[in-house]
Structures are given as structure tokens and as C-alpha cells.
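Enquirer: Just passing along the structure, written as C-alpha cells.
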Amino acid sequence: MADVQEYIMAQQHQGAPSRAESIATSFCAPVKQKIPYQAFKAFCEEKDEISSGYVTCTTWSSSRLDCDAKRWRLFADLLNDIAIFMEILAPVFPLWFTLIVCAAGVFKCIVGVAGGATRAALTVHQARRDNMADVCAKDGSQETLVNLAGLLISLFLVPLVSDSLWVTYLLFLLLTLLHLYANYRAVSSIVMETLNQSRLSIVLDYYLRERRILSPAEANPQEPLLPGLGLQVTVSLGVPLKSLVTSVSQMDKLMNGNHSRYLLGWRADTGHLAVVLHEQARSIDMIRATVHAEILHRKTRSTDPQRFTILTETHRQLDQIFPDFHHALGQQLPATLAIIMSQLCSYIPWSRIWQK
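Note that the sequence shown covers residues 1 to 356 in full-length UniProt numbering.
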């Protein structure tokens, strides 16, 4: 679908210089006598911005791509369509051409990071018999066939719309909407058998009401695929002790009623929930900490004066419900605890030792 979009819009600029030539020309346009070295330098600056965007995106979000593969897959498709649209509009605004093209290039870098990484994560999910090579080979063949089909369709459509700019834009809009709808339906149909933060929130919320664990087929359709939706809490797992504790009295409040291998509290800088892990913490302790954070988030906030009292109460509540929850979870999900944790928590850099 994206190939057809690009073929159609390429017809609009038939006979125009290439993208690289257009970028170089736009940099040179304000000053007609600009020397070639300066144009080349400006073109390299555009490439440098794109490369910087690639590295920044990888550093900022790569640890979350495994956990939210479906959400990032859909985000990559949406951002790719936005980048194509920006490149289409760039010649219409010659004064802003360079800025628009650079921004579109950065967006495509993000698409490359998110799309490539989530493809790997989804390929692992699809390799039901550990046949990664087989799945990758068939995925590549399928992509080749889709590109060929897109080329053939574009050969039929382009002559029909090349004489009208408005028809071209209308067809591009329709294909973009169809592309996004198809991708949304495809991503929402995936049934992941591991827990991420969103699916854990759904499973836990249902368990607290019905005392039953949802199956993967029941939980996945309820997972929100757009950012900002859902009840899941923002929790940082494995933060330094100084992020939670600023005094001895605060440490005592966090330890009150706590017999686990973690400390749950609120970050001093953001107010979000965070977990300090004990050096002996195992996968089950990390799952318990995340479940605890979900329950605490439903009961109080960082600005509540009674938050530490409620924290102590939730420790007792976890002691009662977590053994049964964990047992039911192990029976319903085929994945091991280690695999569940690799999907549930993005990064665990810190651990500490304290006396209970």
C-alpha cells in the first residue's frame, strides 16, 4: 500500500530532479552563487540530522520495543505515512523545503528503528517451532510479492490520476486511510502469549473482579494500541535507591510491612511509581513488584498524604492474593517467568542490599 502511495505521488513530480538534487538545490536557492562545497556541506548537515535522529531514537526507546511490539509496529506505520506526506508537501513550501525534508528524514529513521525491531520481535512470536530462518525467508518472499503487486497496480492507477492534482491527493488520502486501517486490524489480531504492562493491567483488573485469569486470546483484543489509553501505570523497575529514599524516616515508611525483595515507592523527581530491587530478587519478585505497582496506582497518588499508610495496606493485600494470582497465571500462560519478565519489564539496571 505504501509503495502504491509513493508511485502515485512520484508521478506528480515527473521530470523533476531527484530527491538528493532537490535537497541540494533548495540549499543553494537563497544564494545563487553558492559554491559547490557549501551545497555539499549543507546536504551533509541534512544527513547528519537524520543519522542523529536514528541514534537518538535507538537510545531513547529501544528497550521498550520488545514490550510493546504491537503498539510500536502501528506507530511506525503511522509515522511512515506522515513522513511520505511531508515529502509530498515539501515542494509546495520552498522556503521551508529543507526543514520539512529533514523532519521527514528523521521520522523515517524512527520508522526504521521501530519497524525493524518490532519485525524481529513479531518474528520470534511467529516462529512457533523455533523456525526463525523459515519465518524470515517467507516474510521476505511475501514482502517481495507485495512490492511487485504494488508496482503493477501503480502502473494502472498513475495514468488515470496524473492529469489532476486534486485527484492525486484524494487517492493518496484514501490509500493512506486504507493502509492504516489494514495495519490496525493486522496488529490487533496478533495474540501475544506473554505479558507486557498493558496486558498485565487488563489481566489483573479482571482477576480482582472475577478471580479468574484471562487467556491470551481474551486479553489481547482488549490491549490499547494507541498511546495514552488503558489503565496501566508508569512504573520504573530497577531504579537506584536514591531515586526513592531521601531520608531515614522515608526508608522506614517504605519498609513498614514489607517482607519482599523490593522497595516500592514514588520517585522524588517525577512522582511516578518506581521499584528498587534487592540483589537476591528473582523473576517472581519482579512480577510481584509490577502487580503491586498496579494495585497501588489504583488506590493512591504521590500527592496523597496517606500514601504510605495505603502502601503498607497493599503489602498485606499482596501477601493474600499474589500466591493464587501467580499460580493461576502460570497455568494460563505457556511462557516461563523469565520470558514473561523479558516482555513485562524493559530494563533492570540496578539492585541493592538492605536489612529486612
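Using N, Cα and C, we set each Cβ at its ideal position, and we do this for glycine too.
Suppose the cutoff is 8 Å on Cβ atoms and the five residues either side in sequence are ignored; what does the same chain contact list for Arg212 look like?
Expert: Tyr206 and Ala328
Enquirer: With contact counted as at least three CB pairs below 8 Å, one residue from each stretch, are the region 128-135 and the region 108-115 in contact?
Expert: No: the two stretches stay apart, fewer than three of their Cβ pairs being nearer than 8 Å.
Enquirer: Buried or exposed for Tyr296, going by 16 or more other Cβ atoms inside 10 Å?
Expert: In the sequence under discussion, the amino acid at residue 296 is Leu, which differs from the Tyr named in the question. Looking at its Cβ environment, which holds 16 or more other Cβ atoms inside 10 Å, Leu296 is buried.
Enquirer: Would you decide whether Ile84 is buried or exposed? Buried here means 16 or more other CB atoms lie within 10 Å of its CB.
Expert: With 16 or more other Cβ atoms within 10 Å, it is buried.
Enquirer: If you count every other CB in all the chains shown that lies within 10 Å of the CB of Thr118, and 16 or more means buried, which is it?
Expert: buried
Enquirer: Does DSSP put Gly265 in a helix, in a strand, or in coil?
Expert: Gly265: strand per DSSP, three-state reduction.
Enquirer: Nearest to Val291 by CA position, among His272, Glu279, Gln331 and Val235, is which residue?
Expert: The option with the nearest alpha carbon to Val291 is Val235.
Enquirer: Tell me, which residues are paired with Leu273 by DSSP?
Expert: Paired residues: Val235 and Trp266.
Enquirer: Going by other Cβ atoms of all chains shown within 10 Å of its Cβ, with 16 needed for buried, is Lys70 buried or exposed?
Expert: Residue environment analysis places Lys70 among the buried positions, since at least 16 neighbouring C-beta atoms fall within 10 angstroms of its C-beta.
Enquirer: Please classify His125: does DSSP put it in a helix, a strand, or coil?
Expert: helix
Enquirer: Look at the alpha carbon of Thr194 and the alpha carbon of Gln320, and state the distance between them as a whole number of angstroms.
Expert: 24 Å
Enquirer: With distance defined between alpha-carbon atoms, name the residue in Ile287, Cys136 and Thr314 nearest to Lys299.
Expert: Thr314
Enquirer: Could you pull the start and end residues of the alpha helix (DSSP H) that His297 belongs to?
Expert: Counting along the chain, the unbroken alpha helix (DSSP H) around His297 starts and ends at Ser283 to Lys299.
Enquirer: Under DSSP, the alpha helix (DSSP H) around Gly140 begins and ends at which residues?
Expert: Met132 to Val161
Enquirer: Give me, in chain order, the residues of the same chain whose beta-carbon lies closer than 6 Å to that of Val191; leave out the 5 immediate sequence neighbours on both sides.
Expert: Pro216, Ala217 and Asn220
Enquirer: Please classify Asn147 as buried or exposed, where buried requires at least 16 other C-beta atoms within 10 Å of its C-beta.
Expert: Around the Cβ of Asn147, a 10 Å sphere holds fewer than 16 other Cβ atoms; the residue is exposed.
Enquirer: Judging by CA-CA distance, which residue of Gln222, Leu244 and Ser249 is the nearest neighbour of Leu277?
Expert: Leu244
Enquirer: Rounding to the nearest angstrom, what Cα-Cα distance links Asp81 and Leu264 in this structure?
Expert: Asp81 and Leu264: Cα-Cα distance of roughly 41 Å.
Enquirer: Once DSSP output is grouped into helix, strand and coil, what is the label at Glu193?
Expert: Residue state for Glu193 is assigned as coil, using DSSP reduced to three classes.
Enquirer: Measure the CB-CB distance between Cys67 and Gln197 and report whether it falls below 9 Å.
Expert: Yes, they are a contact pair.
Enquirer: Ignore the nearest five residues each way along the sequence and tell me which others in Arg316's own chain have a CB closer than 8 Å to its CB.
Expert: Gly257
Enquirer: Considering only C-alpha positions, which residue in the set Ala289, Gln222, Arg288 and Trp266 is nearest to Phe308?
Expert: Trp266
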